[in-house]
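Q: In the UniProt record's numbering, the protein residues as written are 1 to 513. We put the beta carbon where it would ideally sit given N, CA and C, even for glycine. This structure is in structure tokens; I'll ask about it shortly.
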């Protein structure tokens, strides 16, 4: 087997996005000519070369691009993996009252830490995860992600004492968080490889929508299995008829705690069973890559695999990509902490917790539906991703400004208006994630989409972490200041994105004949 060095023209993408398009196609033609001559190509080491080692089979380039029907199975499987991972990650918040009652030795900060492991691990593991995804591909990454979630879910089912159980929960939270880090950026790679140009953004929107719906699913599934009061109506009435001290003396409290612990354990087994089925399905049925590329850009991505080092270097040197990623981070950097404090914020306006929970649930559902709708719209009318995101950022900023005005001039009669504005403001902010991913993939091409999505995720988590640190240092800050911060974050994201010069490099490759 002969070794051929990478042509210098192939690395011209680092000198500008416009030159990258022609450079990628030149490299593809170069490989095709070598294959026609009956030669095998072996790139240099992945860590030092822009092209990975390729076999002859991988270089069979079919110019008749068409999408495989398997793409629907692939996106469905991704949605199930993402949905299940988020449900496991968000297990304890929706049933916090029941858990603290069943395990009286636990403190509320245990629940808080279990929920925050996902945010903490992103800052540490996102770049190793993106490197792994770029090197090993979708199938192996999904196998590892599903295996981590399944292993974590299995640990929660072990029959151990309470003090050991809580440590196993933290281990599970970390394992599941790493799985989520692998799954998050992979949706961009999946949509680019498996879906044609007029379906890419829709596929990314479907994946991100199901990730959000996982939060809604945890708020529906958890309370359905784990009750906040005795599941037996007769026992419930009996407990209410006795003073609390007499109830404790009769042992009913211990019985109730045991009953809720059994329900929690049942919930753990249900999550583990579903994850085990997904792991088996991933091992047996998930394809490694499409049999035929669905587009010219997909074909180049299959043949010419850029190393993580070269991809990261290209992103760092591109000011427009930096600005785009910063805008993406700012757009959600404040709204995520703001929503996490929604129950407390509304309680200051004498809005009950049940109403706040319903509002949070419907906000997630509406953000998912809006994100999916606008993703499909962007596929139908291509070339307007930046304009669409700008419109959504401006709408979100104006909506949070309206929320701030209602807070400052609060009257109980404003309750319906407030809930409507919260629904609109959060939905327009969160529904832009798929659009940011796709615009970044277009601008950074031929850099793999998973790398750019991982970089966006890291900056977004960094912005969110800064807000959480501020809240920790200033715990008594008025919620009106947080709402003002949401306005300023969205305005800053708007103007940063406004300065970005957009080039649709990937689409240009697909359209070139």
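By how many angstroms is the C-alpha of residue 188 removed from the C-alpha of residue 300?
A: Stepping through the chain shown from its first residue, residue 300 is reached at position 300. Stepping through the chain shown from its first residue, residue 188 is reached at position 188. Approximately 16 Å between the Cα atoms of the pair.
Q: Only counting the same chain, and skipping five residues up and downstream in sequence, which positions put a Cβ closer than 7 Å to that of residue 443?
A: Counted from its first residue, the chain shown places residue 443 at position 443. Only 17, 320, 321, 324, 502, 503 and 505 meet the Cβ criterion.
Q: Can you tell me the Cα-Cα spacing of residue 80 and residue 278, whole angstroms?
A: Start at 1 with the first residue of the chain shown, and residue 80 comes out as number 80. Start at 1 with the first residue of the chain shown, and residue 278 comes out as number 278. Approximately 8 Å, taken between the alpha carbons.
Q: In whole angstroms, what is the alpha-carbon distance linking residue 204 and residue 428?
A: Here residue 204 refers to the residue found at position 204 of the chain shown. Here residue 428 refers to the residue found at position 428 of the chain shown. Cα to Cα, residue 204 sits roughly 17 Å from residue 428.
Q: Between 399, 282, 293 and 309, which has its C-alpha nearest residue 335's C-alpha?
A: Taking the chain shown and counting its residues from 1, the one referred to as residue 335 is at position 335. The residue with the shortest Cα to Cα distance from residue 335 is 399.
Q: By alpha-carbon positions, which one of 93, 327 and 257 ends up nearest to residue 389?
A: Along the chain shown, one-based indexing puts residue 389 at 389. Of the candidates 93, 327 and 257, the one whose C-alpha sits nearest the C-alpha of residue 389 is 327.
Q: Would you please state the rounded distance, in angstroms, between the beta carbons of residue 162 and residue 103? I believe it to be under 8 Å.
A: For this step, residue 162 is matched to residue 162 along the chain shown. For this step, residue 103 is matched to residue 103 along the chain shown. With 8 Å as the limit, residue 162 and residue 103 qualify as a contact, their Cβ atoms being about 6 Å apart.
Q: Does DSSP put residue 38 in a helix, a strand or coil?
A: The residue labelled residue 38 in the question sits at position 38 within the chain shown. Confidence at residue 38 is low in this model, with a pLDDT of 37, below 50, so its placement is unreliable and no value can be given for it.
Q: Would you identify the three-state DSSP class for residue 414, choosing helix, strand or coil?
A: Mapped onto the chain shown, residue 414 falls at position 414. In this structure, residue 414 counts as helix in the three-state DSSP scheme.
Q: Can at least three beta-carbon pairs, one atom from the segment 407–420 and one from the segment 169–185, be found at a separation below 8 Å?
A: The segment 407–420 is not in contact with the segment 169–185.
Q: Which residue spans inside the segment 367–418 form an unbroken alpha helix (DSSP H) run of at least 4?
A: Segments of the alpha helix (DSSP H) lying fully in the segment 367–418: 385–408.
Q: Going by C-alpha to C-alpha distance, which of 509, 157, 451 and 369 sits closest to residue 424?
A: Position 424 of the chain shown holds residue 424. When only C-alpha atoms are compared, the closest one is 369.
Q: Given residue 362, which residues of its chain have a CB within under 8 Å of its CB, disregarding the five upstream and five downstream residues?
A: For this step, residue 362 is matched to residue 362 along the chain shown. The answer, listed in chain order, is 423.
Q: Along the alpha helix (DSSP H) that carries residue 220, what are the first and last residues, could you check?
A: On the chain shown, residue 220 is found 220 positions in, with the first residue counted as 1. First-last of the alpha helix (DSSP H) with residue 220: 200–225.
Q: Between residue 497 and the rest of its own chain, which residues show a CB-CB distance below 8 Å, the 5 nearest in sequence each way excluded?
A: One-based indexing of the chain shown puts residue 497 at position 497. So the list reads 323, 324, 327, 386, 389, 390 and 393, once near-sequence residues are dropped.
Q: Judging by CA-CA distance, which residue of 418, 409 and 377 is the nearest neighbour of residue 351?
A: Within the chain shown, numbered from 1, the residue matching residue 351 stands at position 351. Out of 418, 409 and 377, 418 has the C-alpha closest to the C-alpha of residue 351.
Q: In chain order, which alpha helix (DSSP H) runs of at least 4 residues are fully inside the segment 289–347?
A: 296–303, 308–316, 319–333, 335–340 and 342–347, all fully within the segment 289–347.
Q: Which first and last residues belong to the alpha helix (DSSP H) in which residue 112 is found?
A: Translated into the one-based positions of the chain shown, residue 112 becomes position 112. Here the alpha helix (DSSP H) through residue 112 covers 108–155.
Q: Counting beta carbon pairs with one atom in the segment 152–159 and one in the segment 269–287, are three or more of them shorter than 8 Å?
A: Result yes; three or more Cβ-Cβ pairs closer than 8 Å.
Q: Quick one: residues in its chain with C-beta nearer than 8 Å to the C-beta of residue 88, no 5 flanking neighbours on either side, listed in chain order?
A: Here residue 88 refers to the residue found at position 88 of the chain shown. Result list for residue 88: 149, 152, 153, 172, 176, 271 and 275, in chain order.
Q: Would you give the residue range spanned by the alpha helix (DSSP H) that residue 191 belongs to?
A: As a first step, residue 191 is located in the chain shown; it is residue number 191 there, counting from the start. Unbroken alpha helix (DSSP H) run through residue 191: 162–194.
Q: Contact between the segment 445–462 and the segment 212–219 is defined here as three or more beta-carbon pairs at a separation below 8 Å; is this criterion met?
A: They do not touch, by the three-pair rule.
Q: Classify residue 358 as helix, strand or coil using the three-state DSSP reduction.
A: Along the chain shown, read from residue 1 onward, the residue named residue 358 stands at position 358. If DSSP states are grouped into helix, strand and coil, residue 358 belongs with the helices.
Q: Would residue 333 and residue 472 qualify as a contact pair, given that the criterion is a beta-carbon distance under 8 Å?
A: Residue mapping note: residue 333 aligns to position 333 of the chain shown, counting from 1. Residue mapping note: residue 472 aligns to position 472 of the chain shown, counting from 1. No. Outside cutoff.
Q: By the three-class DSSP mapping on this structure, what secondary structure does residue 497 have?
A: Counting from 1 along the chain shown, the entry for residue 497 is found at position 497. Residue 497 falls in the helix class under three-state DSSP.
Q: Could you work out which residue in 75, 265, 468 and 357 is closest to residue 93 when comparing CA atoms only?
A: Position 93 of the chain shown, counting from 1, holds the residue named residue 93. Among 75, 265, 468 and 357, the Cα nearest to that of residue 93 is on 357.
Q: Alpha carbon to alpha carbon, how far is residue 38 from residue 384?
A: Taking the chain shown and counting its residues from 1, the one referred to as residue 38 is at position 38. Taking the chain shown and counting its residues from 1, the one referred to as residue 384 is at position 384. Note that residue 38 has pLDDT 37, beneath the 50 cutoff, so the model's placement of it is unreliable and no number is given.
Q: Rounded to a whole number of angstroms, what is the C-alpha to C-alpha distance between residue 137 and residue 433?
A: Here the question's residue 137 lines up with position 137 in the chain shown. Here the question's residue 433 lines up with position 433 in the chain shown. Those two C-alpha atoms are separated by around 22 Å.
Q: Measuring alpha carbon to alpha carbon, tell me which of 83, 105 and 355 ends up nearest residue 207.
A: Here residue 207 refers to the residue found at position 207 when the chain shown is read from its first residue. Selected option, being the one with the closest Cα: 83.
Q: Since residue 449 contacts residue 441 with CB under 8 Å, what's their CB separation in whole angstroms?
A: Residue 449 sits at position 449 when you count from the first residue of the chain shown. Residue 441 sits at position 441 when you count from the first residue of the chain shown. The Cβ separation is near 4 Å, so the contact holds.
Q: Which residues mark the beginning and the end of the alpha helix (DSSP H) in which residue 105 is found?
A: As a position in the chain shown, residue 105 is number 105, starting the count at 1. Looking at the DSSP string, residue 105 is not in any alpha helix (DSSP H), and its letter there is neither H nor E.
Q: Once you ignore the five residues that flank residue 330 on each side, which residues in its own chain have a CB closer than 8 Å to its CB?
A: Stepping through the chain shown from its first residue, residue 330 is reached at position 330. Excluding residues within five positions, the ones whose Cβ falls inside 8 Å are 463, 489, 490, 492, 493 and 496.
Q: Please return the same chain residues whose Cβ sits closer than 6 Å to the Cβ of residue 210, not counting the five positions on each side in sequence.
A: Locating residue 210 in the chain shown gives position 210, where the first residue counts as 1. Closer than 6 Å at the Cβ level, and outside the excluded window around residue 210, lie 79, 82 and 83.
Q: Rounded to whole angstroms, what's the CA-CA distance from residue 438 to residue 200? Just pull it up for me.
A: As a first step, residue 438 is located in the chain shown; it is residue number 438 there, counting from the start. As a first step, residue 200 is located in the chain shown; it is residue number 200 there, counting from the start. Spanning the two alpha carbons is a distance of roughly 8 Å.
Q: Which value, in whole angstroms, describes the spacing of the CA atoms of residue 260 and residue 360?
A: Looking up residue 260 in the chain shown gives position 260. Looking up residue 360 in the chain shown gives position 360. Roughly 25 Å between the two C-alpha positions.
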